[in-house]
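> Under the UniProt record's numbering, the first residue of the sequence shown carries the number 1, and numbering increases by one thereafter. Glycine is no exception: its CB is placed at the ideal position from the N, C-alpha and C atoms. Every value quoted in this text rests on a predicted model; they were computed, and no experiment measured them. First the structure, then my questions, so here it is.
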Amino acid sequence: MPARPAPINTSDPAESSLDTTTIESMSSTPWQGFMPRVQTYHRDASIALVGIRGTGRSTLAVMASSALGFRLLDADQHFFQVTGLSRSAYKTQNGAAEYRREELKLMRSMLFENPTRAVIACGPGAVEGTGQAWLSEYAQTHPVIYILRDADEIKRHLRVWDADAIKRLIHLSGPTHRSVSNFEFYNISDSYGQTAEQTSMSGQQSPRSLALKRVEHDFLDLIFTITDRDRQGQSFYPPGHSDASLMPEFRPFTYSLTLPILSVDAAGPRLGGINTTADVAELVISLQEMRTRSLNFDDPLANFISRQYYAVKRYTRLPIILNFQLDDASSNPDITYYLRLVNHGLRLAPEYLCVDLSCEEAVLRDIMSSKGTSKVMGHFTDVSVSEGGWDNPALKQKIHLAERLGCDIVRVCRIATSTTDNFAAKCFAQGKPGEFKIPVIAYNTGRLGRMSCYLNQTFTPVTDPLLRSITPSSTTEVLLTIQEAQKALYSSFLLDPMYFGIYGTNVLQSLSPAMHNAAFASCGMPHEYKTFQHPTVNDLRHLIADENFGGASITAPFKKEVFALVDFTSPEAQAIGAVNTLIPLRSATIHSLLDRNRSGPVAALYGDNTDWIGIHTCIRQNLSPINGVKRRTTALVLGAGGMARAAVYALLRLGVRSIFIYNRTSHNAQEMIRHFEGYHSKSRRGSPSQPGSGESLVGSPDMDVPSLKALQSKTDRWPEDVDRPTIVVSCISTPEENGQSSVDRTLPSEWLSSPTGGVAIELSYMPLESPFLKQVKEMINVDETVEDVIKKDDFGGASVTFPHKLQIGKLLDRVSPFADKIGAVNTVIVEDDPASGKRLLVGDNTDWHGIKRCIEKSGIEDLRSSAALILGAGGAARAACFAVQEIGISEVIVVNRTASKARDMAAKFPRISTVHVFESLEAAVLRVQEGATKLPVRVVIACVPADDLTAEKVPAALFSGAKSGVLVEMAYRPQVTGMMFVASLHDGWRVFKGVDVLEEQAYAQFELWTGRKAPVEVMRAAMQAKIKENERAKSSM
């Protein structure tokens, strides 16, 4: 057996660059020891990620742990937590040998002490000799994923290594990483291109957050495949209609976009522009072409295949058929090379793997034993020239072989020699009733075989005009496009032209006809979509009686009435309690639902609801990472009609568990709430539902029960115990008079005051700018100039002051735990994101640190046994609450002109157990004198403009109730405020002014921006000099 490669002596992944002498000492011979086999794993088995520095391993681990609800274990953080030192510091202090021993010990404990429900980002110990053996053992029962990335992207992220050195490291470490892993993921940077999803309908989405969403989608798609979890209902996954969960191999007339692997590079980002309606994409990898590229299957070739596979995933967003093509089976192909290709393909966990049935049965069984969650398509190309053609018994033997092996689908092809071969292929695929146990695909190849292709019902191979232009080979020339195949079906009278339409009381201005008729033309369907404006639902019965009726969109006010007409409903329609899509069935059974595009008497009606999909998509594509759906996420729905029900359902599918309803008629809002509560209760008792639909409302037994509550009036304060909504959906029709709204649909500003912004959706088409949308735009308090500054490439960070502290969060990618808890941002930091290679804008808060340091510097002892009085309820006041909470003060008085805002603010700090709220300082001081507080007030923090509180307005009793205390005045000007003046009259009170807080928090900001300790004396001297300069300038005016 070949020797293992020399251990890869990686340096500290956080602090040092690549040691080129280490590269030269590595062996490129792959370790041929235990090779983990792809298999199925327990759903809760922990997942390990391996790869070199800069590939995005840690960020991907965060994504996976969040999506799965698993614990996150990062090797670098774990090392620091256990040893108290970084890797480089530990190595310097203890020596390289001791460092390796400690690294291996911690790696083993991370792996084997966390066998379930953890995502583990492994460190350099994974490629050490002993670490390899442990990880190989771990991979037998756990998914271990190798993370790759382009060398140029790693260089761009790390900014320390040259690309050639990184390429050498990838080349030399690759065999080791592959030997200890059983899956791999290629982290494709956003700079490689963009998907169709990148541009949202509103155009408001940040490209940076979209890049993160694309990486998230790609990686979580792999994670959910490996763990065999349902993607439907996941916030990263696009929603589908009721029968979207039916596998494409069981739907009629499905298409497979054929992509030769060499065309992927040729097409590049243009692949994302293919407007395909294909059901799957088939990535065809020719054995002959791969051998031409590399005589022996090696690591660079494996990297190439992985990259092209994930490029196709990124651009097409389709399930992949991975087809390693043996080419001409009669040419004695290299089966060993072919098997290495197939085994590598299984590491990518494709939805479908195509295997050649001309291989020996023992070889095929070996592949089947390692297929994991991938479905297998058995493929056979008959190159014989026998006269029997499709009647050749050997062809059916191949189908039975595929059935014995456990294949999920089987495909047989022949070269057509005459047009009659096409009818023979059709008869072969149909077989005798019950003859075949799995779906059978059969068609002819070549120009004469094109008829059999459009007659074929499952995964018909198709091309696209773009692919024809970049790969003008005989294969792409012969393949049909989807539009050509569809036109042929209708021209052959296998499918029938039909008419559809939108039905309602006010539909003449509807956009639906334009959209649907354009879609029909694009797909090669001779259908027509019309408008049907009627005052009652009765006229719908006449449409249904027409044999050429294909379906209808149902609008208000008939979405509930149509329920009485339908024979079957989807789980979505049942959950929402409304039907917006009507489908005629040509037989009285639900099974005829798939038999569409054929005219005839209507035997039954099927009702569905797709309204929720549009709402779900708008939210999913435009909700920034900082506002991602969490346990405390709150949404607000305006209205209680059919669209409001669809909005609630969409929110539930996204995972939102706290939803408020506002409707002018409270009774209707309560009725809608009872509907969803009843449906949820019914679902939890085990009411049957279709996969991928209503069942996601139930979730796991321990999932929080959704909370739906009604707001009775616009005068209601927003509830104190929940966050402000980050998702608001208006489902209220807005009548027009002279182009303007005739009804006031604005909301209390308090309801729209989320500190991190959110998504507002207006479902009313007219007017173009409803009162609600106009109000939302007016409430965006961050100037466009602010956004222009922070989004520039040379922006390095910023201090944020009033009035932007509460609103700037909506422009950022994420906020720190401190800023999140405080609900305000005073510091913007720029970080590099390992996953996307892009710069991230991160919000933090150092105000609280400055306040806390000033209070601690006062030297006053035992402040925990004191009460604190805070004036204001803005960003600085929030920081003050957090600071006193961290000090240990549990009783707080909040003074603010709007008491509700004060209560909302205080509710965010649960460790403050006792809160008193007053609308004036005089009332607060009076109540303190009367004994309203249990503890004496010894901490006062003023977070209001100094002009609002002159000395005459400050009660002297505020500072006379305690012998000593500390005042923190957040205002910078004037140098002596009214509050400071009154406090200075009382011995024992220490006074800190705004510049003192500025000084302390500025040190923290400097360290956040630079990663270096702040030069305190230099900064203090510069600040004092500037203060004096300003005083001189003011006096000279």
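1) Going by DSSP, name the residue or residues bridged to His379.
2) State the start and end residues of the unbroken beta strand (DSSP E) segment that holds Phe500.
3) For Ala89, which three-state DSSP category applies?
4) Is the segment 43-50 close to the segment 107-119, with three or more CB pairs under 8 Å?
5) Just reading off the beta strand (DSSP E) that Gln430 is part of, what are its end residues?
6) From which residue to which residue does the alpha helix (DSSP H) around Pro571 run?
7) With distances taken Cα to Cα, identify the nearest neighbour of Val312 among Gly56, Asn187 and Lys560.
8) Between the segment 618-634 and the segment 726-733, can you find at least three pairs of beta-carbon atoms closer than 8 Å?
9) In whole angstroms, what separates the C-alpha of Ser700 from that of Gly850?
10) Going by Cα to Cα distance, which pick from Arg411, Ile367 and Ala425 is closest to Gly388?
11) Do Trp390 and Phe428 come within 9 Å of each other at the CB atom, strictly closer than that value?
12) If distances are taken between C-alpha atoms only, which option among Tyr529, Leu540 and Gln77 comes closest to Ala518?
13) How many whole angstroms separate the CB atoms of Asn456 and Ala416, which I take to be in contact at a CB cut-off of 8 Å?
14) Do three or more CB pairs link the segment 61-72 to the segment 391-400 at distances below 8 Å?
15) Reducing DSSP to helix, strand and coil, say where Thr846 ends up.
16) Report the residue from Leu135, Tyr315, Glu671 and Thr756 whose alpha carbon sits nearest the alpha carbon of Val629.
17) Within its chain, find whatever has a CB closer than 7 Å to the CB of Ala1033; leave out the 5 residues flanking it on each side and keep chain order.
18) Taking the alpha helix (DSSP H) that Leu711 belongs to, which residues open and close that run?
19) Which residue marks the beginning of the alpha helix (DSSP H) containing Gln1001, and which one marks its end?
20) For Leu582 and Gln670, what's the separation of their Cα atoms in angstroms?
21) Just checking, does the segment 789-800 make contact with the segment 761-768 on the three C-beta pairs under 8 Å criterion?
22) Just tell me which of Glu1031, Ala1004, Gly1011 and Asn1030 has its CA closest to the CA of Met1019.
23) Give every residue of the same chain whose Cβ lies closer than 7 Å to the Cβ of Leu594, excluding the five residues on either side of it in the sequence, and list them in chain order.
24) To which residues does DSSP link Thr827 through a beta bridge?
25) Kindly confirm or deny that the segment 122-132 and the segment 146-154 touch, where touching means at least three C-beta pairs closer than 8 Å.
26) Have a look at the DSSP bridge pairing and note the partners of Arg71.
27) Okay, do the segment 931-950 and the segment 968-975 touch, 3+ Cβ pairs below 8 Å being the bar?
28) Contact between the segment 959-967 and the segment 989-996: three or more CB pairs below 8 Å?
29) With 16 other CB atoms within 10 Å as the buried threshold, where does His217 fall?
30) Cutting at 7 Å between CB atoms, please list the residues of its own chain near Ser16, excluding the five before and the five after it.
31) May I ask which residues mark the beginning and end of the alpha helix (DSSP H) holding Gln929?
32) For Leu158, which residues from the same chain have a beta carbon less than 6 Å from its beta carbon, with the 5 sequence-adjacent residues on both sides left out?
33) Considering Leu605, what are the terminal residues of the beta strand (DSSP E) in which it resides?
34) Here's the rule I'm using: 16 or more other beta-carbon atoms within 10 Å means buried, otherwise exposed. How should Ser624 be labelled?
35) Could you tell me whether the segment 450-468 touches the segment 479-495, using the rule of 3 or more Cβ pairs below 8 Å?
36) Do the CB positions of Gly501 and Ile576 come within less than 9 Å of each other?
With the structure as the only source:
1) Asp356 and Arg411
2) Tyr499 to Gly504
3) helix
4) yes
5) Note, Gln430: premise wrong, no beta strand (DSSP E); alpha helix (DSSP H) at Thr420 to Gln430.
6) Pro571 to Ile576
7) Here the closest residue by C-alpha is Asn187.
8) yes
9) With a pLDDT of 36 at Ser700, under the threshold of 50, the modelled position of that residue is not reliable, and the figure given next carries that caveat. Each residue's Cα considered, the two are about 44 Å apart.
10) Ala425
11) yes
12) The option with the nearest alpha carbon to Ala518 is Tyr529.
13) That pair is no contact at about 13 Å.
14) no
15) coil
16) Thr756
17) none
18) Not the alpha helix (DSSP H): Leu711 falls in the beta strand (DSSP E), residues Ser707 to Leu711.
19) Gly994 to Thr1010
20) Cα to Cα, the separation comes out at about 28 Å.
21) no
22) Ala1004
23) Arg251 and Pro252
24) Ser799 and Asp844
25) Result no; under three Cβ-Cβ pairs closer than 8 Å.
26) Ala118
27) yes
28) yes
29) buried
30) Confidence at Ser16 is low in this model, with a pLDDT of 38, below 50, so its placement is unreliable and no value can be given for it.
31) Leu921 to Gln929
32) Within its own chain, the residues whose Cβ lies closer than 6 Å to the Cβ of Leu158, once the five positions on either side in sequence are excluded, are Gly54, listed in chain order.
33) From DSSP, the beta strand (DSSP E) with Leu605 extends over Ala604 to Asp608.
34) buried
35) Put simply, the segment 450-468 touches the segment 479-495. At least three CB pairs are less than 8 Å apart.
36) no
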